[in-house]
Structures are given as C-alpha cells and as structure tokens.
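*Asks:* For the sequence shown, the numbering used here begins at 2 and goes up steadily by one.
Glycine included, each C-beta is placed from N, C-alpha and C at the ideal position.
All values derive from a computational prediction rather than experimental measurement.
One structure coming up, written as structure tokens, with questions to follow.
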Amino acid sequence: MTFMIPIPYRLTPISPIHIGCGEEVNWASTLIDGQNLLLIDLMKAELPTNLARKIIDISLKSTNERGLLQLQQLFRDNQAILKTAAYDAIPVRPKLLQEFKNKLGRNVQRNNKNAPIINKLDIARTAYASLTHSPYIPGSSLKGALRTAWLADKAKRQHVKPGNQGNELDEKKILGGSFATDPFRLIHIEDGMTTAENLTEAAWASNCNRESGKEKISNRVEVIRPCAYAAFSGSLRRRDLGGRPAKNHNREAQPVNAPPLRDLVNTVNNYHLKLFEEQARQWQNLKQIDRTWVEKTQRLLEEVNRQNCMLVRLGKYGTAEGKTVSDDMLRQVKVKVGKKEYKKQSHGTTFWLAGDYQAQSGFLPFGWAILEIGDYRSKVLQDYCETLGKKAPGTPSAMPKDPVPKDPQKALQWLKAKLGPATRNKEAQADLVIQVISSAGSWPIDDRYELSDLLADYNFGKFHQDIDDLLEEICEE
Numbered sequence: 002m003t004f005m006i007p008i009p010y011r012l013t014p015i016s017p018i019h020i021g022c023g024e025e026v027n028w029a030s031t032l033i034d035g036q037n038l039l040l041i042d043l044m045k046a047e048l049p050t051n052l053a054r055k056i057i058d059i060s061l062k063s064t065n066e067r068g069l070l071q072l073q074q075l076f077r078d079n080q081a082i083l084k085t086a087a088y089d090a091i092p093v094r095p096k097l098l099q100e101f102k103n104k105l106g107r108n109v110q111r112n113n114k115n116a117p118i119i120n121k122l123d124i125a126r127t128a129y130a131s132l133t134h135s136p137y138i139p140g141s142s143l144k145g146a147l148r149t150a151w152l153a154d155k156a157k158r159q160h161v162k163p164g165n166q167g168n169e170l171d172e173k174k175i176l177g178g179s180f181a182t183d184p185f186r187l188i189h190i191e192d193g194m195t196t197a198e199n200l201t202e203a204a205w206a207s208n209c210n211r212e213s214g215k216e217k218i219s220n221r222v223e224v225i226r227p228c229a230y231a232a233f234s235g236s237l238r239r240r241d242l243g244g245r246p247a248k249n250h251n252r253e254a255q256p257v258n259a260p261p262l263r264d265l266v267n268t269v270n271n272y273h274l275k276l277f278e279e280q281a282r283q284w285q286n287l288k289q290i291d292r293t294w295v296e297k298t299q300r301l302l303e304e305v306n307r308q309n310c311m312l313v314r315l316g317k318y319g320t321a322e323g324k325t326v327s328d329d330m331l332r333q334v335k336v337k338v339g340k341k342e343y344k345k346q347s348h349g350t351t352f353w354l355a356g357d358y359q360a361q362s363g364f365l366p367f368g369w370a371i372l373e374i375g376d377y378r379s380k381v382l383q384d385y386c387e388t389l390g391k392k393a394p395g396t397p398s399a400m401p402k403d404p405v406p407k408d409p410q411k412a413l414q415w416l417k418a419k420l421g422p423a424t425r426n427k428e429a430q431a432d433l434v435i436q437v438i439s440s441a442g443s444w445p446i447d448d449r450y451e452l453s454d455l456l457a458d459y460n461f462g463k464f465h466q467d468i469d470d471l472l473e474e475i476c477e478e
C-alpha cells in the first residue's frame, strides 16, 4: 500500500528572487504611473478612432527605429487613455524608474550610421499565476534545491569521482543506476502560492566580477522582494512504498525510501549554509553589497540551523555553485577566459546582484530563502523580517488619489480608469470606490445603477461585502 503524507511548508524570501518564466514586458506593454509600471493589454484598450488610426499608420509605414520612437512618444502622450487597458502594477526602484522616464520616447543613442537606437526597456518577469497575476514558487524549483543538496551529501559519503561523461554519469553512480532508485521520486512538492499583495518590484540585476566588483553585464528584472514572512505556502508529501522494492529492470531490486525529514533538513542546511558562508567571504570584496544585510542574515542563520527550518537557494542568478554538487572535484563550471575561450573550474568568477540602476550600494545576492516545515514558526525569522522588511516603492498609493469628478458620467469614467490597473493592493482599490460611492448618493438613479454594474466585475477581497452594502444603500429609491 502506498501512503502520501502531506507536510505543510512556508517559504520566506530573505533576498530578491527571480524565477524566469520566459516573458518580458517593455514600453509597448507598460505605462509609468507614479512609482509603478502599469501593465497594459492594448487589445482591451478603448481607443479613440483617431488614436487607433495613428498607431496603425505608424506601425505600417515606419518599420525602422524612427517609427518605434514615434510610437513611444505617442504612448507617452496618451497615458490617460491607455490606462483603461491596465491590468496589473509593478513597483519600480527609484533610479530604475528615472531611467525609464529619461529614455522613453527619446533618442539616447545612435549607431555608426547616425541612425537612432531605441531602447526597448525590457523587464524580465518572474513566474506568476495567470489568473491572479501573483508570483509563485514552482515546486520543481524547491525540489531541485533539496535534491542537489542531498546528492552532494551522498556523493561525498560514497567518495564518487568525476567521470568522463560529466555530471550525468556521476549522478547514476550516486543513485545506483536509474530513476527507479532515486528516493526523490517519492517526494512531491506543491507550488508555493501566496495571497499577499505587493510582493514584487522591478530591479536592476548586475553581474559583477567577484574580485574587482566591476559590472560586466546587466538586466532589468522583476523580483520577489525579501523579508515578507511566510509569503508562500504549500505542502510537501513523502510517498511511503511500505517496504516494497523499486522496479529496476535488469538489476536486483532494492528497497527505496524517501529521505527521513530530519535527515533532509540537516543535509539541506549543511549544503546551503556552507555555500552562504563561502560566498559571504567573497562578498567582502564588493563595495556595492549591503553589509548590514549580510551581518544580520549570518546571525539569523546561526539560529535557523538549530530549528525545523531549511536554508535554500532558488531561481535564476543564484550562481553555478548553488545548483551543483559541492565537491570541488565533481563540480565543473564553464567559465569564459577569452573572447572565444572557455575552461572548466570548480567555482564561477562573477556574482549576480539585485539593486537599483547605477546605485553604488544596497545590492543583495539573488535567491536565498528560508523554508519552514510542519507547524513550526520561527520567532527569530519573524523578527528578522520585521527589522529588515521595507515598504514596496509605490504602495499603498498604487492608485493616485485625485478628486472625484462631480459629473456622474465623468466620475464613472474616472473610476474605471483608476481601477484599470487591477493592482494587488485591494485596500487602495476599495478606498477609491468608497470615495465615489460617498459622492454618488445625489446622482440620478440610473447613474447609481451603472456604478453598481461597473463594480460587479471587480473583486475587492475582504472589503467586498462592505462595498456591496454601501451600493445597496445608494441604489434604494
């Protein structure tokens, strides 16, 4: 008989996390609104005929960089109209936001033929749920972090040596043959989902030399902000085969069991704590690293290691050392040493750091998180998040607070434009709606009904019932 034993988990990011999903947003799908980028869907925009015709004409007649510049200028000058197509909002680091403002609709570079080069202003999105637009942590990312640590420990105990065919052969040696003998096939980890709001922001990802700190390349990325305690949750399930052996064709069948939870916690912590300390020593060379964060995180990890928590590293930009076995003899990182020359060595030569555009300090490494298992909740971790947690840029004022127009029809259009971004900040949305309802008591009854119909398409979370009650009052004759 097979048993699936669910064990709840909670995940707390302690540094910025970016989990690639293959999607980007750019100037053609965003608008600047205060400290936020509003994400827009032009297919849903209610465009005046003359504006739609201009967009089509420029798109068809000007396929070069000059046409792109004209489109950027057109979008910038018609933000009020395009806001009606907004469906989400991402806060942006201050200097990165200023970079957008400086480059949007302007020619800031020219090629060797003196033609304008238009910056696309791309931002790589982190993985998100398509229905709620909220970020999530894929269970496969978590499982990969745990399995890498477990494989590294097992390789060390078995004294596995590198083979001619690289990591694939090494892994087969460690597992004893195949998928059938892999204990991690008996561990199932759900995606980490969230109901929290304002968890992400757009930041600058800088690839720096580990010795000099000099930036080599950079990207704009959406990251999950650190220090939101227990922001993500799910379940980990251990499958028990009841002592039955694994089906391993052409080999003698061996009993396979999922790693005991206590052993897994210790193994994962040993791997990641060692990695953190190794890299913390190297971070001392980098002036842009936030040293307060490093010191406080080191003190946190001294406590976490004694509790039912695991330190893990997730997502993109987490260095090759965090995704390979820890033995220097087995790890082979491909490093560029010349224009077309590469070599393999046990460690990388750069770090990816998250911060603000052209900032000189305040950068953090990517991908670190604490995983709490079972019903245990770490008071030390909660205090750490309360101390280091920072208010997201652009919140709670993701929706600008302008006066409500006195004319009912203008007020309805005003509210529709404000609600367009569908920000995850339900409280800000509810404030806007209550502003309008408060002034709608003197409207003609047909306009009040139109307001009720408009709000029926929105979900205001915990404020929904209060808004329904207010609408019922003003819609009574």
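Would you kindly report the start and end of the unbroken beta strand (DSSP E) that includes Ile-468?
*Replies:* In the sequence shown, counting from the first residue as 1, residue 468 sits at position 467. Note, Ile-468: premise wrong, no beta strand (DSSP E); alpha helix (DSSP H) at 465 to 475.
*Asks:* Check for me: the alpha helix (DSSP H) holding Lys-417 runs from which residue to which?
*Replies:* Counted from its first residue, the sequence shown places residue 417 at position 416. Per DSSP, Lys-417 belongs to the alpha helix (DSSP H) from 409 to 420.
*Asks:* Helix, strand or coil: how does DSSP classify Asn-165 here?
*Replies:* In the sequence shown, counting from the first residue as 1, residue 165 sits at position 164. With a pLDDT of 47 at Asn-165, under the threshold of 50, the modelled position of that residue is not reliable, and no figure is offered here.
*Asks:* Whole angstroms are fine: how far does the CA of Lys-411 sit from the CA of Leu-187?
*Replies:* Within the sequence shown, numbered from 1, the residue matching residue 187 stands at position 186. Within the sequence shown, numbered from 1, the residue matching residue 411 stands at position 410. In a straight line, the C-alpha of Leu-187 is about 59 Å away from that of Lys-411.
*Asks:* Since I believe Asp-89 is in contact with His-134 (beta carbons under 8 Å), could you give me their beta-carbon distance rounded to a whole number of angstroms?
*Replies:* Taking the sequence shown and counting its residues from 1, the one referred to as residue 134 is at position 133. Taking the sequence shown and counting its residues from 1, the one referred to as residue 89 is at position 88. Indeed they touch by this definition, with Cβ atoms about 5 Å apart.
*Asks:* In the DSSP assignment, find the unbroken alpha helix (DSSP H) run with Val-269 in it and report its ends.
*Replies:* By one-based count along the sequence shown, residue 269 stands at place 268. From DSSP, the alpha helix (DSSP H) with Val-269 extends over 262 to 284.
*Asks:* For Leu-43, is the classification buried or exposed, using 16 other Cβ atoms within 10 angstroms of its Cβ as the cut-off for buried?
*Replies:* Translated into positions along the sequence shown, residue 43 becomes position 42. Exposed, by the Cβ-count rule.
*Asks:* From which residue to which residue does the beta strand (DSSP E) around Lys-96 run?
*Replies:* Taking the first residue of the sequence shown as 1, we reach residue 96 at position 95. Per DSSP, Lys-96 belongs to no beta strand (DSSP E); it is in the alpha helix (DSSP H), 95 to 104.
*Asks:* Would Gln-159 pass as a contact of Ile-138 if the rule is Cβ separation under 8 Å?
*Replies:* Residue 159 sits at position 158 when you count from the first residue of the sequence shown. Residue 138 sits at position 137 when you count from the first residue of the sequence shown. Cβ atoms of Gln-159 and Ile-138: not closer than 8 Å.
*Asks:* With which residues is Leu-372 paired in a DSSP beta bridge?
*Replies:* As a position in the sequence shown, residue 372 is number 371, starting the count at 1. According to DSSP, Leu-372 bridges with Leu-12 and Met-311.
*Asks:* Taking DSSP as the reference, what is the three-state secondary structure of Asp-384?
*Replies:* Your numbering for residue 384 matches position 383 in the sequence shown. In the structure shown, Asp-384 sits in a helix (DSSP, three-state: H, G or I).
*Asks:* Does the contact criterion of 3 or more C-beta pairs under 8 Å hold for the region 7 to 22 versus the region 368 to 386?
*Replies:* Yes, they touch.
*Asks:* Answer with buried or exposed for Asn-27, where buried requires no fewer than 16 other C-beta atoms within 10 angstroms of its C-beta.
*Replies:* Taking the first residue of the sequence shown as 1, we reach residue 27 at position 26. Its Cβ having fewer than 16 others within 10 Å, Asn-27 is exposed.
*Asks:* Given a cut-off of 8 Å on the beta-carbon distance, is the pair Leu-152 and Val-326 in contact?
*Replies:* Numbered from its first residue, the sequence shown carries residue 152 at position 151. Numbered from its first residue, the sequence shown carries residue 326 at position 325. Cβ atoms of Leu-152 and Val-326: closer than 8 Å.
*Asks:* If I measure Cβ to Cβ from Ala-431 and keep anything under 7 Å in the same chain, skipping five residues before and after, which residues do I get?
*Replies:* Looking up residue 431 in the sequence shown gives position 430. Taken in chain order, the residues that qualify are Phe-461, Phe-464 and Ile-468.
*Asks:* Within 10 angstroms of its Cβ, does Ser-141 collect 16 or more other Cβ (buried), or is it exposed?
*Replies:* Residue numbering aside, residue 141 sits at position 140 when the sequence shown is read from its first letter. Under this definition Ser-141 is an exposed residue.
*Asks:* If I measure Cβ to Cβ from Asn-306 and keep anything under 7 Å in the same chain, skipping five residues before and after, which residues do I get?
*Replies:* The count along the sequence shown starts at 1 and reaches residue 306 at position 305. Closer than 7 Å at the Cβ level, and outside the excluded window around Asn-306, lie Asn-270 and Leu-274.
*Asks:* Buried or exposed: Asp-264, going by 16 or more other Cβ atoms within 10 Å of its Cβ?
*Replies:* Taking the first residue of the sequence shown as position 1, residue 264 is located at position 263. Per the 10 Å Cβ criterion, exposed.
*Asks:* Alpha carbon to alpha carbon, how far is Arg-240 from Gly-35? Give it in angstroms, no decimals.
*Replies:* In the sequence shown, the residue the question calls residue 35 occupies position 34. In the sequence shown, the residue the question calls residue 240 occupies position 239. If you take the alpha carbons of Gly-35 and Arg-240, they lie about 50 Å apart.
*Asks:* Could you tell me the distance, in whole angstroms, from the CA atom of Thr-388 to the CA atom of Pro-95?
*Replies:* As a first step, residue 388 must be located in the sequence shown, where it is residue number 387. As a first step, residue 95 must be located in the sequence shown, where it is residue number 94. When rounded, the distance between both Cα atoms is 22 Å.
*Asks:* Between Glu-278 and Val-381, is the Cβ-Cβ spacing less than 8 Å?
*Replies:* Here residue 278 corresponds to residue number 277 of the sequence shown, with the count starting at 1. Here residue 381 corresponds to residue number 380 of the sequence shown, with the count starting at 1. No; because the gap between Cβ atoms is not below 8 Å, this pair is not in contact.
*Asks:* Sorted by chain position, which residues of the same chain lie with C-beta nearer than 6 Å to Tyr-385's C-beta, five sequence neighbours on each side aside?
*Replies:* As a first step, residue 385 is located in the sequence shown; it is residue number 384 there, counting from the start. Leu-301.
*Asks:* With DSSP run on the structure shown, which of helix, strand or coil describes Phe-185?
*Replies:* Numbered from 1 along the sequence shown, position 184 holds the residue referred to as residue 185. Helix, per DSSP.
*Asks:* If we ignore side chains and look at the alpha-carbon of each, how far apart do Asp-357 and Val-93 end up?
*Replies:* As a first step, residue 357 is located in the sequence shown; it is residue number 356 there, counting from the start. As a first step, residue 93 is located in the sequence shown; it is residue number 92 there, counting from the start. Each residue's Cα considered, the two are about 9 Å apart.
*Asks:* I need the DSSP call for Leu-200, collapsed to helix, strand or coil.
*Replies:* Translated into positions along the sequence shown, residue 200 becomes position 199. In the structure shown, Leu-200 sits in coil (DSSP, three-state: anything other than H, G, I, E or B).
*Asks:* What does the alpha-carbon distance come out to for the pair Gln-285 and Leu-72?
*Replies:* The residue labelled residue 285 in the question sits at position 284 within the sequence shown. The residue labelled residue 72 in the question sits at position 71 within the sequence shown. Distance between the alpha carbons of Gln-285 and Leu-72: 45 Å.
*Asks:* Exposed or buried, Ala-457, counting other C-beta atoms within 10 Å across all chains shown (16 or more means buried)?
*Replies:* As a position in the sequence shown, residue 457 is number 456, starting the count at 1. With fewer than 16 other Cβ atoms within 10 Å, it is exposed.
*Asks:* Helix, strand or coil for Phe-461, going by three-state DSSP, please let me know.
*Replies:* For the purposes of this step, residue 461 is identified with residue 460 of the sequence shown, where counting begins at 1. The answer is coil: DSSP assigns Phe-461 none of H, G, I, E or B.
*Asks:* Between the C-alpha atoms of Trp-415 and Leu-98, what's the straight-line distance to the nearest angstrom?
*Replies:* As a working mapping, residue 415 is identified with position 414 in the sequence shown. As a working mapping, residue 98 is identified with position 97 in the sequence shown. Approximately 25 Å, taken between the alpha carbons.
*Asks:* What does the Cβ neighbour count give for Gly-235, buried or exposed, with the cut at 16 atoms within 10 Å?
*Replies:* Numbered from 1 along the sequence shown, position 234 holds the residue referred to as residue 235. Gly-235 should be labelled buried.
*Asks:* If we ignore side chains and look at the alpha-carbon of each, how far apart do Leu-471 and Ala-232 end up?
*Replies:* Mapped onto the sequence shown, residue 471 falls at position 470. Mapped onto the sequence shown, residue 232 falls at position 231. Going by the C-alpha atoms only, they are around 32 Å apart.
*Asks:* Tell me the rounded alpha-carbon separation between Ile-91 and Ala-203.
*Replies:* Looking up residue 91 in the sequence shown gives position 90. Looking up residue 203 in the sequence shown gives position 202. For Ile-91 and Ala-203, the distance between alpha carbons rounds to 7 Å.
*Asks:* For Glu-25, which of helix, strand or coil comes out of DSSP?
*Replies:* Indexing the sequence shown from 1 puts residue 25 at position 24. Of the three classes helix, strand and coil, the one that applies to Glu-25 here is strand, per DSSP.
*Asks:* DSSP beta-bridge partners for Tyr-450?
*Replies:* For the purposes of this step, residue 450 is taken as residue 449 along the sequence shown, with counting starting at 1. Answer is none; Tyr-450 lacks a bridge partner.
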